[in-house]
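Enquirer: In this text, residue positions in the sequence shown follow our numbering: the first is 16, and each later residue adds one. A virtual CB, placed ideally from N, CA and C, is assigned to each residue, including glycine. In this text the structure is predicted, and so the values were computed from the model without any measurement.
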Amino acid sequence: MTADHASGAAAEQLAAATRLVALGRQDRQPGAGVNAPLEFTSTYIADGPVNYARAGNPTWSAFEEALGAMEGGEALVFASGMAAVAAAASLVPRGGTVVVPAHAYNGTTSLLDELAESGAVVVRRLYADEAGAAGDVLDGAAMLWIESPTNPMLEVFDVGSLCAAAGERGVVTVCDNTFATPLVQQPLSLGADVVLHSVTKYLAGHSDVILGALVTPRTEAGSGLRDRLARHRLLHGAIAGPMETWLALRGMRTLHLRVERATANARELAARLEGHPHLDRVRYPGFGAIVAIEVAGGASAAERVAAATRLWTHSTSLGGVESQVERRRRHPGEPESVPEGLLRLSVGVEDVEDLWRDLDQALRA
Ligand SMILES: *Cc1c(COP(=O)(O)O)cnc(C)c1O
Numbered sequence: 016m017t018a019d020h021a022s023g024a025a026a027e028q029l030a031a032a033t034r035l036v037a038l039g040r041q042d043r044q045p046g047a048g049v050n051a052p053l054e055f056t057s058t059y060i061a062d063g064p065v066n067y068a069r070a071g072n073p074t075w076s077a078f079e080e081a082l083g084a085m086e087g088g089e090a091l092v093f094a095s096g097m098a099a100v101a102a103a104a105s106l107v108p109r110g111g112t113v114v115v116p117a118h119a120y121n122g123t124t125s126l127l128d129e130l131a132e133s134g135a136v137v138v139r140r141l142y143a144d145e146a147g148a149a150g151d152v153l154d155g156a157a158m159l160w161i162e163s164p165t166n167p168m169l170e171v172f173d174v175g176s177l178c179a180a181a182g183e184r185g186v187v188t189v190c191d192n193t194f195a196t197p198l199v200q201q202p203l204s205l206g207a208d209v210v211l212h213s214v215t216k217y218l219a220g221h222s223d224v225i226l227g228a229l230v231t232p233r234t235e236a237g238s239g240l241r242d243r244l245a246r247h248r249l250l251h252g253a254i255a256g257p258m259e260t261w262l263a264l265r266g267m268r269t270l271h272l273r274v275e276r277a278t279a280n281a282r283e284l285a286a287r288l289e290g291h292p293h294l295d296r297v298r299y300p301g302f303g304a305i306v307a308i309e310v311a312g313g314a315s316a317a318e319r320v321a322a323a324t325r326l327w328t329h330s331t332s333l334g335g336v337e338s339q340v341e342r343r344r345r346h347p348g349e350p351e352s353v354p355e356g357l358l359r360l361s362v363g364v365e366d367v368e369d370l371w372r373d374l375d376q377a378l379r380a
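In structure tokens, the structure reads:
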């Protein structure tokens, strides 16, 4: 952060767009670069604040300052979203119960299921339609995992009331905020204990890096969690490369512009897709830039649509500037309750008429 601005809580008085652009920069010394330094070093001259680069790096600090201010807490960068998921899951005591949405990201549910097989944790599924009565599901649990909207079913949970129900029972809440981004919701302000990001997606935003992050509150309890997560990162070694972190910070500078444009495109496409003769259903929560469509004719028809697009890329992942389409049930880890013909559309920032023409011709092909 520049010397002219206060960091931490004071920075949160700046608008989100300003925080994205202004934070995580060098001190305003004459001759200093305006961007965060990119240091390729494994070690540092003794007696400084950090002595070995598995424990810290100036590019991490810049990225963590910017993301922390966006989420209203303190961030830790990890090698990938899954490295962050593994670190967060390590907070569950041995044999403890984790409540996780049935349609959470399939890497998350697969990891928790593996931990359950070895007896490390017990997994309870949370279905979106029973979340109103989540109290019963949470009794005796150690951790509540929230993802809202879910990937790829786009179910929305009431994050605030789930966090409150968890808090009353001493259950630690982790909220995967990858889909919503801190522009749409800040789970710490809704009572979550840990916020998770696959930075790979919207935050970095250009489909060119894999990176993850966790954010904890700036409170005593939050710093206890942060210390445990930082120690996990140090000892398990799932650390981010400085180059990836630098690219992610550069991508984050335009998060607000990309999300605004992609959301406007998604809203328009969702409206036009509604009632399309080749679709059984359109899922769009009304915000964000992911739309899920269920192609009439199931798996093979959906595969044909994905293969027939020319502008949309048929590829996994989401949150980049380019529009992507994928049939999720291609992945064996995806639950059977996800329809075979469901295509997840990650709407990018291209011209909406070009996107519509390509999608419409693929649906009719
Ligand atoms: C992609 C994704 C992850 C995993 O992140 P990686 O960066 O791919 O390791 C976790 N949660 C959600 C919601 C995701 O979309």
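Going straight from the alpha carbon of D154 to that of P232, what length do you get?
Expert: Roughly 24 Å separates the two Cα atoms.
Enquirer: With a floor of 4 residues, list each alpha helix (DSSP H) that falls wholly inside the stretch 301-370, ordered by position along the chain.
Expert: Fully enclosed alpha helix (DSSP H) runs of 4 or longer: 313-323.
Enquirer: Among A98, S133, P292, which has the Cα closest to the Cα of L378?
Expert: Among A98, S133, P292, the Cα nearest to that of L378 belongs to P292.
Enquirer: Determine the contact status of V113 and V138, defining contact as a CB-CB distance below 8 Å.
Expert: In this structure, V138 lies closer than 8 Å to V113 by Cβ.
Enquirer: If you draw a straight line from the C-alpha of A18 to the C-alpha of N50, how long is it?
Expert: At A18 the pLDDT is 38, less than 50, meaning the model places this residue with poor confidence; the figure from the coordinates comes in the next sentence. Roughly 14 Å between the two C-alpha positions.
Enquirer: Go through its chain and collect everything with a Cβ distance to L127's Cβ below 7 Å, but skip five positions before and after it.
Expert: A104, V113, V115, V136, V138.
Enquirer: Count the other C-beta atoms from every protein chain shown that fall within 10 angstroms of the C-beta of M258, then say buried if there are 16 or more, exposed otherwise.
Expert: Exposed.
Enquirer: Taking the straight line between their C-alpha atoms, what separation do you get for T328 and V306?
Expert: Going by the C-alpha atoms only, they are around 15 Å apart.
Enquirer: Since L35 and H271 are thought to touch, with beta carbons under 8 Å apart, how far apart are those beta carbons, to the nearest angstrom?
Expert: The pair is a contact, with the Cβ atoms about 6 Å apart (cut-off 8 Å).
Enquirer: At what residues does the beta strand (DSSP E) containing F93 begin and finish?
Expert: Here the beta strand (DSSP E) through F93 covers 89-93.
Enquirer: Hey, would you say the C-beta of Y120 is under 7 Å away from at least one heavy atom of ligand 1?
Expert: Yes, ligand 1 has a heavy atom inside 7 Å of this Cβ.
Enquirer: In the DSSP assignment, what residue or residues form a beta bridge with C190?
Expert: Answer is I161, V210, bridged to C190.
Enquirer: Going straight from the alpha carbon of Q41 to that of T260, what length do you get?
Expert: In a straight line, the C-alpha of Q41 is about 15 Å away from that of T260.
Enquirer: For L284, which residues of its own chain have a beta-carbon under 8 Å away from its beta-carbon, when the five flanking residues on both sides are left out?
Expert: So the qualifying residues of the chain are V306, L360, V362, V367, L370, W371, L374.
Enquirer: Under a three-way DSSP split, which group does L294 fall into?
Expert: Three-state DSSP puts L294 in a strand.
Enquirer: Please report the Cβ distance between L264 and R69, rounded to the nearest whole angstrom; I am assuming they are in contact, meaning their Cβ atoms lie under 8 Å.
Expert: That belief does not hold up - the Cβ atoms of L264 and R69 are roughly 20 Å apart, past 8 Å.
Enquirer: Name the one or two DSSP bridge partners that Y67 has.
Expert: In the DSSP output, where bridge partners are listed per residue, Y67 has T58.
Enquirer: So is the beta-carbon of I305 under 7 Å away from any non-hydrogen atom of ligand 1?
Expert: Answer for I305: no, Cβ out of range of ligand 1.
Enquirer: Looking at the secondary structure, which residues open and close the beta strand (DSSP E) in which P116 lies?
Expert: Note, P116: beta strand (DSSP E), 111-116.
Enquirer: Within 7 Å: the Cβ of M267 and any heavy atom of ligand 1?
Expert: No, ligand 1 has no heavy atom inside 7 Å of this Cβ.
Enquirer: Residues in the same chain with beta-carbon distance under 6 Å from D295, minus the five sequence neighbours each way, listed in chain order, please.
Expert: Only E309, A311 meet the Cβ criterion.
Enquirer: Does ligand 1 have even one heavy atom less than 7 Å from the beta-carbon of G227?
Expert: Yes; taking the cut-off as 7 Å, the Cβ of G227 has a heavy atom of ligand 1 nearer than that.
Enquirer: Should F55 be labelled buried (16 or more other beta-carbon atoms within 10 Å of its own) or exposed?
Expert: By the 10 Å Cβ count, F55 comes out exposed.
Enquirer: Pull up the CB-CB distance for V340 and T324, whole angstroms please, since I reckon it's below 8 Å.
Expert: Contact flag correct, Cβ pair sits at about 6 Å.
Enquirer: Would the stretch 189-206 count as touching the stretch 156-172 if we require 3 or more Cβ pairs under 8 Å?
Expert: In short, these stretches touch, since the Cβ pair count reaches three.
Enquirer: On the CB-based measure, 16 or more other CB atoms within 10 Å of its CB, does I161 come out buried or exposed?
Expert: Under this definition I161 is a buried residue.
Enquirer: Quick one: what's L270 bridged to in DSSP?
Expert: Paired residue(s): none; L270 is not in a bridge.
Enquirer: Helix, strand or coil for A252? Go by DSSP, reduced to three states.
Expert: The sequence as given places Gly at residue 252; Ala does not occur at that position. In the structure shown, G252 sits in coil (DSSP, three-state: anything other than H, G, I, E or B).
Enquirer: Does the CB of A307 have a neighbour CB from chain B at under 8 Å?
Expert: Among the chains of the structure shown, chain B does not appear; only one protein chain is present.
Enquirer: Using a Cβ-Cβ cutoff of less than 7 Å, which residues in the same chain neighbour L130 once the five nearest sequence positions on both sides are dropped?
Expert: Excluding positions up to five away in sequence, the list reads A104, V136.
Enquirer: Per DSSP, A228 is paired with what?
Expert: Partner(s): V92, H212.
Enquirer: Output yes or no for whether 8 Å exceeds the beta carbon distance between A157 and A84.
Expert: No, Cβ-Cβ distance for A157 and A84 is not below 8 Å.
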